[in-house]
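Accompanying notes for the structure given below.
2 protein chains.
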Amino acid sequence: MNVVFMFPIKDHQKENLLHRFPQVDFHFEQSDEAIAQAEIIVTYGSDVTIPVLEKAKSLEWLMVASAGIEKLPLSYIAERGLLMTNAKGIHKIPMAESVLAYMLAVRRSLFLMYDRQKKKEWNKRVYSRELRGSTALILGPGTIGGEIGRLLQAFGVRTIGCNRSGKESEWMEETIVFDRLSERLGEADFVISILPSTPETRGLLTKEHFREMKETAVFMNFGRGDLFDEADLIEALKSGEIGQAVLDVFETEPLPEESELWTLPNCFISPHASSFSGKYVERSLEIFEANLEKWLQGDRNLLNITDPLKGY
Amino acid sequence: MNVVFMFPIKDHQKENLLHRFPQVDFHFEQSDEAIAQAEIIVTYGSDVTIPVLEKAKSLEWLMVASAGIEKLPLSYIAERGLLMTNAKGIHKIPMAESVLAYMLAVRRSLFLMYDRQKKKEWNKRVYSRELRGSTALILGPGTIGGEIGRLLQAFGVRTIGCNRSGKESEWMEETIVFDRLSERLGEADFVISILPSTPETRGLLTKEHFREMKETAVFMNFGRGDLFDEADLIEALKSGEIGQAVLDVFETEPLPEESELWTLPNCFISPHASSFSGKYVERSLEIFEANLEKWLQGDRNLLNITDPLKGY
Numbered sequence: 001m002n003v004v005f006m007f008p009i010k011d012h013q014k015e016n017l018l019h020r021f022p023q024v025d026f027h028f029e030q031s032d033e034a035i036a037q038a039e040i041i042v043t044y045g046s047d048v049t050i051p052v053l054e055k056a057k058s059l060e061w062l063m064v065a066s067a068g069i070e071k072l073p074l075s076y077i078a079e080r081g082l083l084m085t086n087a088k089g090i091h092k093i094p095m096a097e098s099v100l101a102y103m104l105a106v107r108r109s110l111f112l113m114y115d116r117q118k119k120k121e122w123n124k125r126v127y128s129r130e131l132r133g134s135t136a137l138i139l140g141p142g143t144i145g146g147e148i149g150r151l152l153q154a155f156g157v158r159t160i161g162c163n164r165s166g167k168e169s170e171w172m173e174e175t176i177v178f179d180r181l182s183e184r185l186g187e188a189d190f191v192i193s194i195l196p197s198t199p200e201t202r203g204l205l206t207k208e209h210f211r212e213m214k215e216t217a218v219f220m221n222f223g224r225g226d227l228f229d230e231a232d233l234i235e236a237l238k239s240g241e242i243g244q245a246v247l248d249v250f251e252t253e254p255l256p257e258e259s260e261l262w263t264l265p266n267c268f269i270s271p272h273a274s275s276f277s278g279k280y281v282e283r284s285l286e287i288f289e290a291n292l293e294k295w296l297q298g299d300r301n302l303l304n305i306t307d308p309l310k311g312y
Numbered sequence: 313m314n315v316v317f318m319f320p321i322k323d324h325q326k327e328n329l330l331h332r333f334p335q336v337d338f339h340f341e342q343s344d345e346a347i348a349q350a351e352i353i354v355t356y357g358s359d360v361t362i363p364v365l366e367k368a369k370s371l372e373w374l375m376v377a378s379a380g381i382e383k384l385p386l387s388y389i390a391e392r393g394l395l396m397t398n399a400k401g402i403h404k405i406p407m408a409e410s411v412l413a414y415m416l417a418v419r420r421s422l423f424l425m426y427d428r429q430k431k432k433e434w435n436k437r438v439y440s441r442e443l444r445g446s447t448a449l450i451l452g453p454g455t456i457g458g459e460i461g462r463l464l465q466a467f468g469v470r471t472i473g474c475n476r477s478g479k480e481s482e483w484m485e486e487t488i489v490f491d492r493l494s495e496r497l498g499e500a501d502f503v504i505s506i507l508p509s510t511p512e513t514r515g516l517l518t519k520e521h522f523r524e525m526k527e528t529a530v531f532m533n534f535g536r537g538d539l540f541d542e543a544d545l546i547e548a549l550k551s552g553e554i555g556q557a558v559l560d561v562f563e564t565e566p567l568p569e570e571s572e573l574w575t576l577p578n579c580f581i582s583p584h585a586s587s588f589s590g591k592y593v594e595r596s597l598e599i600f601e602a603n604l605e606k607w608l609q610g611d612r613n614l615l616n617i618t619d620p621l622k623g624y
């Protein structure tokens, strides 16, 4: 049984795997030969192209150590009937903390005070507002969105989830379908997307949606950068249709130097870093090990099976 | 019955008082005559000096629309046997949100990303860590400290309260007495003070306490600036004895331009603004009105009675 890792892990993590699964041949260096014999490939996603998969003739299970799978050749994977799992869930803590950090930083005027500190300016007029009593509309109330909702409820924030099905989700006071978004956007002080990139979410938000938001609304994109046309958001920020934006994801990453988003005073840029946590690899290995245990026992009902055709 | 306001309130707030309490003579402008006849004075604190109190010969109740009362002539107030109430509790929401905002901002690298944005630098190495799993030691686990503890527990942070009596406090997993502080400081990732200024808290933290903290500890002072010698904190920040500081209060306010705290890269300055909220006056008037209602009915068991000799 051959397992190929497409990304580096630490020595103690390798030793742990070798010790726990002595019957498995782990390959921590990639080679054509190792890939050809691999039953299992562990990847972050972007390095597993069709040419790589064509070499991987023995492949049965693709473990993607990230949450987004849109960079993988999904139709090809579906056609070959490969089992695919991801690391869904490991992002929820750091991402929800990052989202809350920005919500609170904006409400409690942290960036304003930070700018003034650099000028040694003591100015008590900070215009801070409370997060409590505000309303958040969460696009994509899944694992991460639910964790955001759980924290927001502790802060006394009203939570409205919005998804494809309208299926009730934990930690949302109510959940609406995408089609009803326009009716409800005007209530939200925060509009937060953690939607994945799927055929249905690409371009989901339009110019009109930004117009329907409050003039003071904070729009936060922590999902994927193809949710809307960036030019529409820039226009909304410049014209005052919305108050502020916090962006972790972009149409093009790295965000090109010429993008106006870098310099708009009401836009905060996080370089697709919100899920960063010292515990990332550790947590994805925990999921992988639990699944490998099942796999070795012939159990194919793995954790976090993802559907290449749905995209999540 | 005469009531003098020592600070301006909005027209609709005045009208509301006049409408609700037609039997009371409200004075929204201060004059010697009004003060001389006032049974009740409503103040933020610093304007009520001994000369003012000597003029206020009819005074029975002093309503302080803030939480800290240390600027008032407390021994004089005790001697005259004046009833004093404060606005304890109205700060808890904005202050706890400000504390959480800074804790998350520091852990999730918001200031680092903000600095890089100004240079249009896309750099995913942000060294973010999770708040979850960390330990916070809260000096002064009262109303505000309890609200901080409640929120921290939602984030999975271990909370240790520390007060004079060691009396258990809600939302702290355990509470220790001041004398045991040295034993436990080394466990804390965050050391947060919201202690008032009292004879017992002045100078409570020493050089040794900073030495006992983790090298990565974040020290946060949202109580009063006389808790320690600022020179000791500056030394601890410069020598790396602690990681970072977030300060809302200072020995001298406004913080003098020559203070090194302004420019230390691991120190964040909030200009005594953490309690700011658009709802401040509204909330303190709610407490005042509830108490005035009692007062008019002869009930002297008011909300938020403070002891001038204890200082809180």
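Going down the list, the protein sequences come from chains A and B.
In terms of the numbering used here, the first sequence opens at residue 1 and continues consecutively.
In terms of the numbering used here, the second sequence opens at residue 313 and continues consecutively.
Where is the CB? At the ideal position from N, CA and C, for every residue including glycine.
Small disclaimer: the values here were computed from a predicted structure and weren't measured.
A direct Cα-Cα distance of roughly 19 Å separates L302 of chain A from H91 of chain A.
If you compare the alpha carbons of B:K479, B:N475, B:G552 and B:A585 with that of L517 of chain B, the shortest gap goes to B:N475.
The Cβ-Cβ distance between G478 of chain B and T487 of chain B falls below 8 Å. Residue-level contact check: F276 of chain A touches chain B, since one or more beta carbons of chain B fall below 8 Å from its beta carbon. Residue contact check for N533 of chain B against chain A: no CB pair falls below 8 Å.
Closer than 8 Å to the CB of E563 of chain B there is not a single CB belonging to chain A.
For the 8 Å CB-CB criterion, T355 of chain B and V336 of chain B do not form a contact. Chain-ordered, the chain B residues with CB closer than 7 Å to the CB of L104 of chain A read E409, L412, A413 and L416. Contacts between Y114 of chain A and chain B, judged by CB atoms closer than 8 Å, involve F423, Y426 and F580 in chain order. With contacts defined as CB atoms closer than 8 Å, I460 of chain B and I504 of chain B qualify as a contacting pair. At a cut-off of 8 Å between C-beta atoms, R419 of chain B counts as an interface residue with respect to chain A. Under the three-state reduction of DSSP output, H12 of chain A falls in the helix class. Chain A has a Cβ within less than 8 Å of the Cβ of S440 of chain B.
Between the stretch 581–597 of chain B and the stretch 121–138 of chain A, the count of Cβ pairs shorter than 8 Å is three or higher; the stretches touch. Residue-level contact check: K322 of chain B does not touch chain A, since none of the beta carbons of chain A fall below 8 Å from its beta carbon. If you ignore the 5 residues before and after A236 of chain A, its C-beta comes within less than 6 Å of the C-beta of F210 and I242, all in its own chain and listed in chain order. At a cut-off of 8 Å between beta carbons, I405 of chain B contacts chain A. Note: W373 of chain B is bridge-paired with B:I352 and B:L395 in the DSSP secondary-structure output. Under the 8 Å Cβ criterion, the stretch 415–423 of chain B counts as touching the stretch 95–111 of chain A, having at least three qualifying pairs. Contact check for P196 of chain A and R224 of chain A: beta-carbon distance about 6 Å, within the 8 Å limit, so the pair qualifies. DSSP places D544 of chain B inside the alpha helix (DSSP H), whose first and last residues are E542 to S551. Under the DSSP assignment, F178 of chain A falls outside any alpha helix (DSSP H); it carries neither an H nor an E label. Taken atom to atom, the span from the alpha-carbon of M84 of chain A to that of Q37 of chain A is near 18 Å.
Annotation: the continuous beta strand (DSSP E) that includes Q556 of chain B extends over Q556 to L559. Taking 9 Å as the upper bound on Cβ-Cβ separation, chain A lies near residues R462, L463, Q465, A466, F467 and G468 of the stretch 446–471 of chain B. Of the other Cβ atoms in all chains shown, fewer than 16 fall within 10 Å of the Cβ of E327 of chain B; this residue is therefore exposed. Counting along the chain, M425 of chain B sits inside the alpha helix (DSSP H) bounded by residues L422 to K430.
By the CB criterion at 8 Å, M1 of chain A and E33 of chain A fall outside the cutoff. Proximity to T135 of chain A across A:I194, A:K10 and A:F190 peaks at A:F190, based on C-alpha coordinates.
Under the Cβ distance rule, A529 of chain B does not count among the residues neighbouring chain A, no pair being separated by less than 8 Å. Fewer than three beta-carbon pairs drawn from the stretch 254–266 of chain A and the stretch 55–74 of chain A are found closer than 8 Å, and the two stretches are therefore not classed as touching.
In the DSSP assignment, A101 of chain A falls within the alpha helix (DSSP H) that extends over K92 to R107. Each of A:D179, A:G156, A:E183 and A:S182 was checked against the Cα of M172 of chain A, and the nearest Cα belongs to A:G156.
By the rule that beta-carbons nearer than 8 Å mark a contact, K436 of chain B touches chain A. Between G393 of chain B and S378 of chain B, the C-beta gap is not smaller than 8 Å, which leaves the two residues out of contact. For G590 of chain B and H19 of chain A, the gap between their C-alpha atoms comes out near 59 Å.
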